[in-house]
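Okay, so here's the structure we're looking at.
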Amino acid sequence: MKTVDILTLSAETNTVTLTLETGLYPIEVVYGAAYVFIDRAWVLLDRKPNEGAGIASRLLVHLTGKRKLDEAALAAFAGEFSNECLAQALRRKVTKANQKIVEEIVTQAIAGAAGASLPQDFLDEDASDSMDFLDDPLGIAVPWEDKFKKKAPAKDGGEAK
Amino acid sequence: MSAIAVTLRFHRTLYMLQAVREAARIYGEFAKFQISTDGDYYVANVSDPDPEVDGDIAREFANQALVGSIARRRHKAA
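Quick look at the structure:
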């Protein structure tokens, strides 16, 4: 099944009209592609009149080049637009798939930043912490050599390595 | 296209009225715009284009209406 059709193509009016299936290309996707083309073309969106009731299932995209284009260039223009629709659809899918992860990362980043700068953490002068800044209960300031050096044998007085 | 009056039809499910009106306000300096509703469409009549303007006012207006509609929809969805 063809999903992108060139409905009309006229080098005289410098316009190509495509039809897109809305089931495959949601309106957000077509908006995204139209936005990309807005500097090169005049874009007009429409819906294809439906025989039955309800919203038409196909969109019409009228692209008129801002520069003069021949038929081959207009056909390429239409192809580029449909490619852009695919790229936008994929981008949308990836964004949706990663939305939770992105939200989680942003939440953690904001929480971390806010937690680090809470002023009351620094103003708590009544804290029962009696430690001096030189105290080192975890032994962080002890040099590695002191912490892990072999103890010298007690009797022979040999040198510790 | 700008030399004579032009009628543009914007489908109501694809364009937002505020965006069409905003575009008319932006380009109102260069032409006369009349916005009305006709069934499923917003209809914009563009007339009296400024002869000194080198460009297609009606089509630029349509592009602006589309960009405005996209921006407003995205803002609404966010």
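Protein sequences, first through last, are from chains A and B.
In case it helps, our numbering puts the first sequence at residues 749 to 909.
In case it helps, our numbering puts the second sequence at residues 434 to 511.
Each residue gets a CB set at the ideal place from its N, CA and C atoms; glycine is no exception.
>> At a CB distance below 7 Å, what residues from the segment 776-795 of chain A approach chain B? Give them in sequence order.
In response: 779, 782, 783, 786, 790, 791, 792, 793, 794, 795
> So, residue 453 (chain B) versus residue 479 (chain B), is the Cβ gap smaller than 7 Å?
Replying inline: no
> Just by C-beta distance, which residues in the segment 810-837 of chain A are closer than 7 Å to chain B?
Replying inline: 812
> Nearest chain A C-beta to residue 508 (chain B) closer than 7 Å, yes or no?
Replying inline: no
> Buried or exposed: residue 879 (chain A), going by 16 or more other Cβ atoms within 10 Å of its Cβ?
Replying inline: exposed
>> In this structure, how does DSSP classify residue 487 (chain B) when only helix, strand and coil are distinguished?
In response: coil
>> Am I right that residue 793 (chain A) and residue 444 (chain B) are in contact with their C-beta atoms under 8 Å? What's the rounded C-beta distance?
In response: 7 Å
>> For residue 438 (chain B), would you say it is in contact with chain A, using Cβ-to-Cβ distances shorter than 7 Å as the test?
In response: No, residue 438 (chain B) lies away from the interface with chain A (no Cβ there is under 7 Å from its Cβ).
>> According to DSSP, simplified to helix, strand and coil, what is residue 478 (chain B)?
In response: strand
>> Check this for me: beta carbons of residue 910 (chain A) and residue 813 (chain A), under 7 Å apart or not?
In response: Outside the modelled stretch of chain A, which goes from 749 to 909, sits residue 910 (chain A), for which no answer is possible.
> Looking at C-alpha atoms only, which residue of A:887, A:762, A:795 is the closest neighbour of residue 820 (chain A)?
Replying inline: If we check each option's Cα against that of residue 820 (chain A), A:762 comes out closest.
> According to the neighbour-count rule (16 or more other Cβ atoms, all chains shown, within 10 Å of its Cβ), is residue 482 (chain B) buried or exposed?
Replying inline: buried
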